[in-house]
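First to last, the protein sequences are chains A and B.
Take the first sequence: its letter number 15 is residue 22 in the working numbering, and every next letter is one higher.
Take the second sequence: its letter number 278 is residue 683 in the working numbering, and every next letter is one higher.
One structure is given here, and the rest of the page talks about it.
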Amino acid sequence: MISLEHYLAVGAVLFGIGLVGFLTRRNFITMFLCAEMMLQGVVVNFLAFGRFHGHLGGQVFGLFIVTVAACEAGLALALFLMLYRRGKSLDSGDWQGIREDGLPPTVDLDPLARPRPEPEDPHLPAAGAKPVSKEEALRV
Amino acid sequence: MSDPVRLALYALACPLAAALVAALLCGVKSLRHLAHLPAIVGFGGAAVFALMVLSQVLGAEGESVSFVSPSVTWFSAGKFSVSASITVDPLSAVMLATVTFVATWIAIFSAGYMHGDDGFARFFAVMSLFVFSMCVLVLANNFLLLLAGWEGVGVCSYLLVGYYFAKPSAAAAARKAFLVTRLGDVGFVLGIFLFWQIGGYHTDLDKLFDYLAKNPPNPGMLTAACLLLFCGAVGKSAQLPLYVWLPDAMEGPTPVSALIHAATMVTAGVYLLARCASLFVMSPDAQAVVCLIGGLTAALAGFIAVAQTDLKRVLAYSTVSQLGYMFMALGTGGAVSPNLAVAAAIFHLFTHAFFKALLFLGSGSVMHAMGNVIDMRKFGGLRKLMPVTHATFLCGSAALAGLPLLSGFWSKDQILDVLFEARAHGHHYKGLYLFVFATAVLTAALTAFYTFRAYFLTFWGEEKIPHEAGHHAHESPWIMLGPLCVLAVGAVTAGIVVEPFNHGFSGFLAKSPSVRLAVAQAMPGTTDLPHPHFSWVLAGIGTAAAFAGLGLAYSMYRTGTETVPPSLRAAWRLSLDKLYVDELYAALFVKPAELLAVLSRYFDGFLDGFSRVIAAIPRAAGGVLRPLQNGLVQFYALGMVMGLAVFLTVVVFRSGR
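And the structure:
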């Protein structure tokens, strides 16, 4: 028999993993996923209590949280995209601009590896086939 | 055109327009040297209008002559309503004519004297503004308007005394003049307030006088208010406790000394008291104070003038002394018929304007020739070098000394006359009036002595020219000598023409409504006014005093060199050091004020430190907490988690209990 405590335990574990991940990772995407994980832990709690008390309130909350999380995901990913375009980095430690005036920036002793520069997309000729060599390109 | 009030307004407008034009000329470099033209034309126009006013008032019929302009409300608040209106009566007409006439000649003199000076246009702009303010003061029919003119002349005096503002002594003198007169003005303003309160909330002079005549106020209040007004007069007219600014004001250019510090502004106090005679006669105590202060000032300033080595300072102390004479005369109103007191004072004011302006301009002419040296020990024997200046200066000196038949003789005689009569009729203060009379006679002798000492030291003896003069040691140009000659004629004849044989001056002045009112209050029931009478005894005493002073000066100084008998050396020293009044004031008022300022400075620093300490507390607390805002997202998240943990702990433990 799976009792309420089991559900709560799963929810707590999900929340705990998400929390630890949020506090320890610096990649925006990872942090975002961890935050989602914490949310899901909470949703599990709601569902469990809803079921335990025998009414649909918990499920309604759960649906709301999922909806809001979807909106939030859209916004957050858009923001990350903008930040990445500006700084070519998803490291949250690179964005310290909101600290108090006069405080020295926190310097990372073990920075994340810079992402490798992406290979440039080849320019495709109108025909759509990738030219093999320059001469070929000229010919095309 | 025929209305006297309108003519008086034209007379007001002329110097104002001159001031504006001269001020505009300041801004045009190529036209600055023409700035004397608007001033001369403006003053001349004002003088012509003033003479027309005078002739209109002279021709007016009736026992009391007064033309009041329709009143325009200047400002009002509750019961306090101030109207801007001017009044033309014999008193203001005489004063207006004197001011504008003397100002015109002094402006002409200045055109020569100030020629080539850097601030030429500024000088004439401020001078014109001064004449305008003085005319406002004279014509005002309202205490507040009078005060506006009163302060206006004060500001112009400040600007002109500090004309050579790059010179520290001139700047200090200007400041001193302004501050010391301001001390008196505080009393003046308080006096106006007090009269406003006891006088039925009127500030218009004619209404106030009428109200107070019909509703006599509490004598104590009235005396206090009169004395407060007198405070203002003491400051402006350089009387006993506050006379110290006038000698220092000689730092200004000489025409300024002639116009402002001899002929016009300093007589404003005398004019004020004459104007308010109907208030002062109701308070015999205040009158006694006025008379006593006048007598003491006259004697003290006369004594100080005896040993001064600076020609202009001699004349400055002489001015203080002569103003004292006028106050003596004013102080007798009530003990004698007020029309006599006012007539004597204003008559002396009138003649004094001529001969003192003449003497100052003469000293300016000497200064011009001597390369701005004014120390009488450094030059001498200028009789041959400057014949016209010498002759006119002699006329002025003789008039000031009160030699018979000259203008000063007649006016001084009238003052001695009213003082002597006050001794006989003054009910409470017979002894005081006798004392002041004796002082006046003594001062007459002193006046003759120091005047002729200055004259002999400057013009007699061996010719001595300071090396500063260089090639300039010659007679002044005619643009300067012309005004000297005109004023010399005035100094010689102004007295004899207007007063002694027909009592024209005193009779004319008695037509002023304020004087009539004063007479009606002092001697109720009098129908015909007493005329000043000529007393051979008093004239003899005055003449004897004048000749005694003159003779003494001749015997001591005819060689043109300073000689002091050894027995009088101490007194001479005392006079030379101005009785140590400046030092006394410095020790009594200036030093404590400085000490107070230093203490206040420290106290201010203490307060600043205190508030800085208070301000430092939140700053220090902020400094402790600020590193928390380090901009790291994880750190903020950790903060939230820790907060949540604490919160949950509390909740759990509370609910578990």
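Ideal Cβ positions, reconstructed from N, Cα and C, are used throughout, including at glycine.
- Burial is judged here by how many other beta carbons sit within 10 angstroms of a residue's own beta carbon; A721 (chain B) has at least 16 and is buried.
- Around the C-beta of H757 (chain B), 16 or more other C-beta atoms lie within 10 Å, and the residue is accordingly described as buried.
- Looking only at B:S481, B:A413, B:A927, the smallest Cα-Cα distance to S474 (chain B) is reached by B:A413.
- Under the three-state reduction of DSSP output, T856 (chain B) falls in the helix class.
- For the C-beta of V1046 (chain B), the chain A residues within less than 8 Å are, from N- to C-terminus, L26, L30.
- Spanning the alpha carbons of Y985 (chain B) and A1020 (chain B) requires a straight line of approximately 51 Å.
- Between L110 (chain A) and chain B, the shortest Cβ-Cβ separation is below 8 Å.
- Sixteen is the threshold: when 16 or more other Cβ atoms of the shown chains lie within 10 Å of the Cβ of G674 (chain B), as they do, the residue is buried.
- The Cβ atoms of L955 (chain B) and F857 (chain B) lie closer than 8 Å to each other.
- Around R93 (chain A), no beta-carbon contact reaches into chain B at under 9 Å, the shortest distance being about 16 Å.
- Three or more beta-carbon pairs drawn from the region 586-596 of chain B and the region 633-649 of chain B are found closer than 8 Å, and the two stretches are therefore classed as touching.
- Going by beta carbons, V846 (chain B) and I946 (chain B) fall inside the 8 Å limit.
- E107 (chain A) belongs to the set of residues whose beta carbon lies under 8 Å from a beta carbon in chain B.
- Nearest neighbour of L1043 (chain B) by Cα position, chosen from A:V17, A:G18, A:R32, turns out to be A:R32.
- For T478 (chain B), the secondary structure class from DSSP, reduced to helix, strand or coil, is strand.
- Excluding sequence positions up to five before and after N546 (chain B), its CB lies within less than 7 Å of the CB of V473, S490, I491, T492, D609, L610, D611, all in the same chain and listed in chain order.
- The three-state reading of DSSP puts N547 (chain B) in strand, counting E and B together.
- For G100 (chain A), the neighbours in chain B by C-beta distance under 7 Å run, in chain order, L1037.
- Here F600 (chain B) is actually not in contact with S683 (chain B); their C-beta atoms are around 12 Å apart, not less than 8 Å.
- At the C-beta level, T737 (chain B) and V823 (chain B) come within 8 Å of one another.
- L993 (chain B) is outside the set of residues whose beta carbon lies under 8 Å from a beta carbon in chain A.
- Between F759 (chain B) and L892 (chain B) a beta carbon distance of about 6 Å is seen, short of the 8 Å cut, so the two are scored as contacting.
- Per the coordinates, the alpha-carbon of A734 (chain B) lies some 7 Å from the alpha-carbon of V747 (chain B).
- Bounds of any alpha helix (DSSP H) do not take in V711 (chain B), whose DSSP letter is neither H nor E.
- If you check the CB distance, L886 (chain B) and A693 (chain B) do not come in under 8 Å.
- Each of B:L1012, B:A423, B:L552, B:P937 was checked against the Cα of D818 (chain B), and the nearest Cα belongs to B:P937.
- Boundaries of the alpha helix (DSSP H) harbouring V67 (chain A): 64-94, taken from the DSSP string.
- Membership of F485 (chain B) in the beta strand (DSSP E) is indicated by the continuous run 485-489.
- Boundaries of the alpha helix (DSSP H) around D818 (chain B): 812-830.
- Residue-level contact check: P1032 (chain B) touches chain A, since one or more beta carbons of chain A fall below 8 Å from its beta carbon.
- Interface residue (Cβ-Cβ distance to chain A less than 8 Å): L1000 (chain B) is not classified as such.
- Going by beta carbons, K869 (chain B) and G785 (chain B) fall inside the 8 Å limit.
- For W977 (chain B), the enclosing alpha helix (DSSP H) starts and ends at 974-981.
- Within chain B, the C-beta atoms nearer than 7 Å to that of T113 (chain A) come from N1035, L1037, in chain order.
- Counting other Cβ atoms within 10 Å of its Cβ, K996 (chain B) stays below 16 and is therefore classed as exposed.
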